[in-house]
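Here the working numbering is used: the first residue of the sequence shown is 7, the next is one more, and so on.
The beta carbon of each residue, even a glycine, is placed where N, CA and C say it ideally should be.
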Amino acid sequence: MAVQVQGVIAREKDSPVTLETIIVPDPGPGEARVKLLACGVCHTDLHYRQGAINDNFPFLLGHEAAGIVESVGPDVTDVAPGDYAILNWRAVCGQCRACLRGRPWYCFNTHNATQKMTLLDGTELSPALGIGAFAEMTLVAAGQCTKVDPAAPPEVAGLLGCGVMAGLGAAINTGNVTRGDSVAVIGCGGVGDAAIAGARLAGARTIIAVDIDDRKLQLAKKFGATHTVNSRTTDAVGAIREATDGFGADVVIEAIGRPDAYEQAFFARDLAGTVVLVGVPEPDMRLDLPLIEYFGRGGALKSSWYGDCLPSRDFPMLIDLYLQGRLPLGDFVSAKIGIDDVEAAFDKMHQGDVLRSVVVFDS
Ligand code: APR
Ligand code: ZN
Ligand code: ZN
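This is the structure:
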């Protein structure tokens, strides 16, 4: 039976979100219906609301979530009702050219639920990143549910569904940070701090946090930064070189999505070093770099999609490390809020003192 629940809807470009009744169909083949326990508020939700992603309004927002599988479609065998899961937005297909070459984290054909959730009048909803988790219940592809240890509280577990995974993965998957490395992270929001935590986890020796906000730099120390640089007042490239015997860092992670910050990252790495771009740029941004420097410095310039994560491999592992006290995921949760506080959380996003606001549902 289809169920009716409350969900956070962005009806049209730039207007405040509304809490509305939605209809969530019974799961069909390959689908799972999930009762949400928690969902973090991410910049991408705001971007949807601003019309910056596409024009497929109305959107059902929310995509950084954990919950309990409520029911599954007839052919679903990998998850079952009662499973505690983090939702991922890259359910790999197993059949595209990336999957067939054994590189499923690049899957070029990830999938979502086939059926649509709707408003009461039948209007089809576009769920944010194919999830739509600011709702008491949502419908996803079964492969979007990744089972993890239920001992991890949902407001913490859900964070791995998006931004925190992107940052951790930028360091441990894309950047291949290993023990003894020097790492610089430019931009220390939730994503950058997760990259710092990932670098520490991987055994980096020097971790340099760069931001223009001193409060962010203080927080970055908590996640493992050994050095901090305020790039509003200090030359970031010079300071990163100074902290690395004059050479530059082995891995520099750009976690904002700005050409000027990317340029700093490019010049602040050591010869044969790696630059990882995990911040998402805007479509009109351009980069102008001397090609001879690109050649002469060698190494690798990479971008990181969702931390190049493979949910089935990375989520359960990172949750176990969290439960063992080796990954401070709980420190990313700045505030627990109600489902009607999402608009206020958008306002707070740019004030600088919030890493993540997380909607927690009554269970
Ligand atoms: N130099 C250094 N730091 C900067 C600069 C700059 N020019 N401009 C902004 N910052 C800092 C901000 O002070 C803030 O601490 O970058 C940080 C960005 O953090 P958030 O706004 O909280 O963003 P976050 O959620 O971490 O996401 C960062 O990654 O996944 C993408 O879409 C996401 O592009 C976004 C990026
Ligand atoms: Zn694939
Ligand atoms: Zn997100």
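Can you tell me the Cβ-Cβ gap for residue i and residue j, rounded? I've got them flagged as a contact below 8 Å.
i	j	result
proline 31	leucine 145	6 Å
valine 75	aspartate 89	4 Å
alanine 44	glycine 136	At roughly 18 Å, the Cβ-Cβ gap does not stay under 8 Å, so alanine 44 and glycine 136 are not in contact.
serine 340	valine 360	4 Å
histidine 69	alanine 119	So it is not a contact: roughly 13 Å between Cβ atoms.
glycine 108	aspartate 219	Wrong, their Cβ atoms sit about 41 Å apart, outside the cutoff.
isoleucine 192	alanine 245	At roughly 11 Å, the Cβ-Cβ gap does not stay under 8 Å, so isoleucine 192 and alanine 245 are not in contact.
Would the beta-carbon of residue i fall within 8 Å of that of residue j?
i	j	result
glycine 209	threonine 239	no
alanine 249	isoleucine 214	yes
valine 284	alanine 190	no
arginine 206	serine 188	no
valine 162	tyrosine 328	yes
cysteine 48	glycine 195	no
phenylalanine 338	arginine 303	no
alanine 242	glutamine 270	yes
glutamine 150	asparagine 62	no
alanine 134	threonine 232	no
alanine 261	alanine 203	no
valine 4	isoleucine 259	Past the edges of the chain, shown from 7 to 369, lies residue 4, and the structure says nothing about it.
glutamine 101	isoleucine 345	no
Among the options, whose alpha-carbon lies nearest the alpha-carbon of residue i?
i	options	result
threonine 280	Phe338, Gly302, Ala255, Pro35	Ala255
valine 85	Leu125, Pro33, Tyr300, Leu52	Pro33
glycine 46	Ile343, Gln357, Met123	Ile343
phenylalanine 321	Phe140, Gly195, Asp155, Gly100	Asp155
valine 374	Pro110, Arg17, Gly36, Arg96	With the chain covering 7 to 369 only, the question about residue 374 has no answer from this structure.
alanine 292	Pro265, Val9, Phe273	The question names alanine, yet the displayed sequence has arginine at residue 292. Nearest of Pro265, Val9, Phe273 to arginine 292, Cα basis: Pro265.
alanine 148	His117, Leu166, Arg275	His117
arginine 332	Leu225, Gly230, Arg17	Gly230
valine 3	Asp220, Ala172, Ile178	With the chain represented from 7 up to 369, any question about residue 3 goes unanswered, as that position is not in the structure.
alanine 8	Lys122, Gly244, Lys222, Gly186	Lys122
alanine 91	Phe272, Leu166, Ala267	Leu166
threonine 180	Ser309, His356, Val216, Arg39	Ser309
histidine 53	Asp353, Ile325, Val365	Asp353
isoleucine 178	Asp219, Leu324, Asp290	Leu324
proline 110	Ser237, Asp347, Ser318, Gly244	Ser318
glutamate 299	Phe272, Asp220, Leu316	Phe272
glutamine 10	Arg107, Asp127, Arg96	Asp127
leucine 316	Ala226, Ala278, Thr129, Lys153	Lys153
isoleucine 59	Val286, Arg221, Val257	Val286
glycine 186	Val257, Pro160, Phe367, Asp199	Val257
asparagine 182	Asp314, Pro334, Val348, Glu349	Asp314
valine 348	Ala141, Asp368, Ala278	Ala141
phenylalanine 367	Gly263, Pro80, Pro160	Pro160
alanine 278	Phe301, Pro296, Gly263, Asp290	Phe301
aspartate 251	Ala274, Gly263, Ser237	Ala274
Sorted by chain position, which residues of the same chain lie with C-beta nearer than 8 Å to residue i's C-beta, five sequence neighbours on each side aside?
i	result
isoleucine 15	Val23, Thr24, Leu25, Glu26, Ile28, Pro64, Phe65, Leu66, Leu67, Leu125, Leu131
aspartate 20	Arg55, Gln56, Gly57
lysine 227	Ala215, Thr234
threonine 129	Pro64
Excluding five sequence neighbours on each side, which residues of the same chain lie with their C-beta closer than 6 Å to the C-beta of residue i?
i	result
alanine 104	Tyr112, Cys113, Phe114
lysine 41	Gly73, Ile74, Glu76, Met143
aspartate 217	Cys194, Leu223
alanine 306	Thr280
proline 288	Position check: residue 288 holds glutamate in this sequence, whereas proline was assumed. Answer for glutamate 288: no residue qualifies.
glycine 336	Val162
alanine 71	Leu42, Cys45, Leu93, Ala139, Gly164, Gly167
Give a single yes or no on whether residue i has its beta carbon closer than 7 Å to a heavy atom of ligand 5.
i	result
glutamine 101	No copy of ligand 5 occurs in the structure displayed; its ligands are ligand 1, ligand 2 and ligand 3 alone.
Cutting at 7 Å between CB atoms, please list the residues of its own chain near residue i, excluding the five before and the five after it.
i	result
phenylalanine 253	Arg247, Asp276
valine 82	Gly36, Ala38, Ala148
arginine 17	Thr24, Phe63, Pro64
aspartate 326	Asp155
Give a yes or no on whether the minimum CB-CB distance between residue i and chain D is below 8 Å.
i	result
glycine 358	Annotation note: the requested chain D is absent from the structure, which comprises a single protein chain.
Margin query: Strictly closer than 6 Å from CB to any heavy atom of ligand 3: give me those residues in the order they appear in the chain.
Written below: Listed along the chain, these residues meet the criterion: Cys48, Thr50, His69, Glu70, Cys168, Gly169.
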